[in-house]
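Just below is one structure, and these are the notes that go with it.
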Amino acid sequence: MSVDKDNVVKIAKLSKISFKDDEIEKFQEDLNQIIDWVDQLSEVNTETVSPTFSSFDNDKGMKKREDIINDGNYREDITVNAPNSEEGFFLVPKVID
Amino acid sequence: MKKLTELCLYDAREGLLNKDFTSKELVLDHIAVMESSRSLNAFITETPEIAIKSAENSDSRLNKGTNRDLEGIPIGVKDMFCTKGVLTTASSKMLSNFIPPYESTVTNNLWNEGAILLGKLNNDEFAMGSSNETSFYGPVINPWKGNNNEQNLVPGGSSGGSSASVAANISLGALGTDTGGSIRQPASFTGTVGLKPTYGRCSRWGIIAFASSLDQAGPITRNVRDNAILLKNMCSHDPKDTTSSSKKIPNFEESIGNSVKGLKVGIPNEFFQEGMSNEIIDIWDKGKEWLKKSGAEIIDISLPNTKYALPCYYIIAPAEASSNLARYDGVRFGHSVNSSDINEMYRATRSEGFGDEVKRRIMIGTYVLSSGYYDAYYLKAQKVRSLITEDYNKVFNSVDVILTPSTPNSAFGLNEKSDDPLSMYLNDIFTVPVNLAGLPAISVPAGLDSNGLPLGLQLIGKPFEEETIYSFAKVIEDSANFKNIENQWWVQ
């Protein structure tokens, strides 16, 4: 078992997901099965290999546009799907006491 | 005359131009079939009012001669594409109330060419799955059934609603997304044609993100020509997606019927899997024979890192997903659970809003990105990704396309694999390397197995050479002479 229960609890905390005790066990089992399986990558020699983060054809590099405002003025559209909003702001529970 | 829903996209377009029927007649017939085919659960949202209104507009344009390339053609759209004013859920409880205030670039391009939205199609939750069983809205049923067998089969995934709706003649074509095989595997399972374009060919703007370095939009259709027609109208250079290509967009349809004589087809050794069924090997052999007969040269090639593609994918895709899905916090849109504590609000929202497979992938992704594991898993996988890409680059110096099976098996039964995530993941074994290397690939129906179920062949091409793929795909299509399902048992 490469991922122990404490580790699963820690990952869940980082992921902002909560699990019931019996769910933790099931996820621990699944996670271990998957992690043990992906572990086969360790047998590949990658000492001199650099990573590929995207297969986008970077011939000319990522395109950059002028840093000028080209969008905006639809606050209503943005907050219309919010569960709680007021006067164009998103409402959240109190964060700082 | 054929029923209008039995026409392919190309013939429907001809019929509209010849004034054999109106777009409204075409659309009404498709709406009737959509309604009588609800037992397949292919659609999450039907949009008949939008479709009829658009059809009236198309008819007026057809009459005035101001018609556009896809004028009056009804299609279905996977529920991963944001559609302005129309519920867009990603098949998740998390977005079960989300009405986008904007339109995705790909769908916008299609509407600008006169295509018509029939409805939003079911898929695996956030496109994570290979059977369409992880959807919050329930599984989609494959229109195909095995010989003398009543068991319901999966339509593949994640674009299961797209593949099923096209196979069942509900729509003339459908949009899918493909991160690790989500267009090609369902196309293979339903006897339809599904293409994943080169990474960057279609804009990702307005598509709900799963794994951003792998996601691509693509068409699912009943034949190769229809596929090329749809793709042409989906592509554009989009300043809103910095990974969208500015390369010229060819008229893909023109490559249909081009000779493949003298072109070279690679057969990768490493795709022969231990325990691979004879039926898959047979259909692969048939494919080789067909291409050989058309004058192509068959060459054995080696892609040595193939066996690492799947584990590599199952590090990278969940890592990107865990980051992309961090936005679902219950503050700005989507499902939300009230709490006086903000962290409790996040946790409750996400625990209720996401299904198990999505949670599993977020957990894996968070794990491989977490301090102490990043180098061993995430960075390692990105290095292996370089090796896999390099394998393909090398091989494409000597061949024009690569021919493989699309899937290791035909459609499986509902609930057959849903309890075993790893066995589900293995279904993408032939499709995943293509996404890692950013290449274009198509699945074309090639025949039926002994159980009467469709099997597809996959053609993988060089970056931005979808035209070559279409030329080869047409040869396979003509040789296979595949017939769509006839017994419409699901119609009520």
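Chains as they are written, first to last, in the numbering used here: chain A, 144 to 240; chain B, 178 to 669. In this text, a Cβ means the ideal position worked out from N, Cα and C, and glycines have one as well. These figures come from a predicted structure and were not determined experimentally.
message: For Asp355 of chain B, list the residues DSSP reports as bridge partners.
response: B:Gln393
task: Starting from the beta carbon of Arg208 of chain A, find every residue of chain B whose beta carbon is closer than 8 Å, and list them in chain order.
output: Pro416
field: Identity of the residues DSSP links to Gln635 of chain B by a beta bridge
entry: B:Thr581, B:Ser620
query: Which runs of the beta strand (DSSP E) spanning at least 3 residues fall entirely within the segment 248-309 of chain B, listed in chain order?
result: 251-255, 293-298
- request: To the nearest angstrom, report how far apart Pro481 of chain B and Val331 of chain B are at their CA atoms.
  value: 32 Å
message: Gly511 of chain B and Gly530 of chain B - do their beta-carbons sit closer together than 8 Å?
response: yes
- request: Please say whether Val652 of chain B and Val437 of chain B have beta carbons closer to each other than 8 Å?
  value: yes
message: Using 8 Å as the cut-off, can you tell me whether the segment 586-593 of chain B makes contact with the segment 414-427 of chain B, which would need three or more C-beta pairs spanning the two stretches below that distance?
response: no
query: Is any beta-carbon of chain B found at less than 8 Å from that of Lys159 of chain A?
result: yes
Per-residue burial, Ile458 of chain B [other beta carbons within 10 Å of its own, 16 or more giving buried]: exposed
Member of B:Leu632, B:Leu408, B:Pro610 whose CA lies at the smallest distance from the CA of Glu642 of chain B: B:Leu408
Spatial distance of Gly323 of chain B from Pro316 of chain B (CA atoms): 18 Å
query: Taking all protein chains shown into account, do 16 or more other C-beta atoms lie within 10 angstroms of the C-beta of Lys255 of chain B, making it buried, or fewer, making it exposed?
result: buried
task: Please compile the residues from chain B whose C-beta is within a distance smaller than 8 Å of the C-beta of Phe233 of chain A.
output: Val508, Arg509
message: My assumption, with CB atoms under 8 Å, is that Ala650 of chain B sits in contact with Leu636 of chain B. Please give the rounded CB distance.
response: 6 Å
- prompt: For the segment 303-316 of chain B against the segment 597-611 of chain B, are there 3 or more C-beta pairs whose distance is under 8 Å?
  reply: yes
message: Between the segment 605-619 of chain B and the segment 368-382 of chain B, can you find at least three pairs of beta-carbon atoms closer than 8 Å?
response: yes
task: Would you grab the beta carbon distance between Met271 of chain B and Asn300 of chain B for me? Rounded to a whole angstrom, and I think it's under 8 Å.
output: Not quite, the Cβ-Cβ distance comes to about 14 Å (not below 8 Å), so this is no contact.
message: 8 Å is my cut-off, CB to CB: does Lys536 of chain B come that close to chain A?
response: yes
- prompt: Just checking my contact of Ser312 of chain B with Ser268 of chain B at CB under 8 Å: how many whole Å lie between their CB atoms?
  reply: 4 Å
message: To the nearest angstrom, how far is the alpha carbon of Thr398 of chain B from that of Pro488 of chain B?
response: 30 Å
Rounded distance between the beta-carbons of Ile606 of chain B and Val545 of chain B, thought under 8 Å: The Cβ separation is near 20 Å, so there is no contact.
- request: Please report the Cβ distance between Val668 of chain B and Ser213 of chain B, rounded to the nearest whole angstrom; I am assuming they are in contact, meaning their Cβ atoms lie under 8 Å.
  value: 5 Å
field: Start and end residues, beta strand (DSSP E) containing Ile606 of chain B
entry: Premise fails: Ile606 of chain B is in no beta strand (DSSP E) and is neither H nor E.
query: From Tyr217 of chain A to Val223 of chain A, what distance separates their C-alpha atoms?
result: 10 Å
query: Can you name, in chain order, every residue of its own chain whose Cβ lies under 6 Å from the Cβ of Asp477 of chain B, other than the five neighbours on each side?
result: Ile444
query: Since Gly253 of chain B contacts Ser389 of chain B with CB under 8 Å, what's their CB separation in whole angstroms?
result: That pair is no contact at about 24 Å.
- request: Quick one: give me the first and last residue of the alpha helix (DSSP H) that Leu480 of chain B is part of.
  value: It is not in any alpha helix (DSSP H) - Leu480 of chain B carries neither H nor E in the DSSP assignment.
query: Residues in the segment 260-282 of chain B with C-beta within 9 Å of chain A's C-beta atoms, listed in sequence order?
result: Asn274, Phe275, Ile276, Pro277, Pro278, Tyr279
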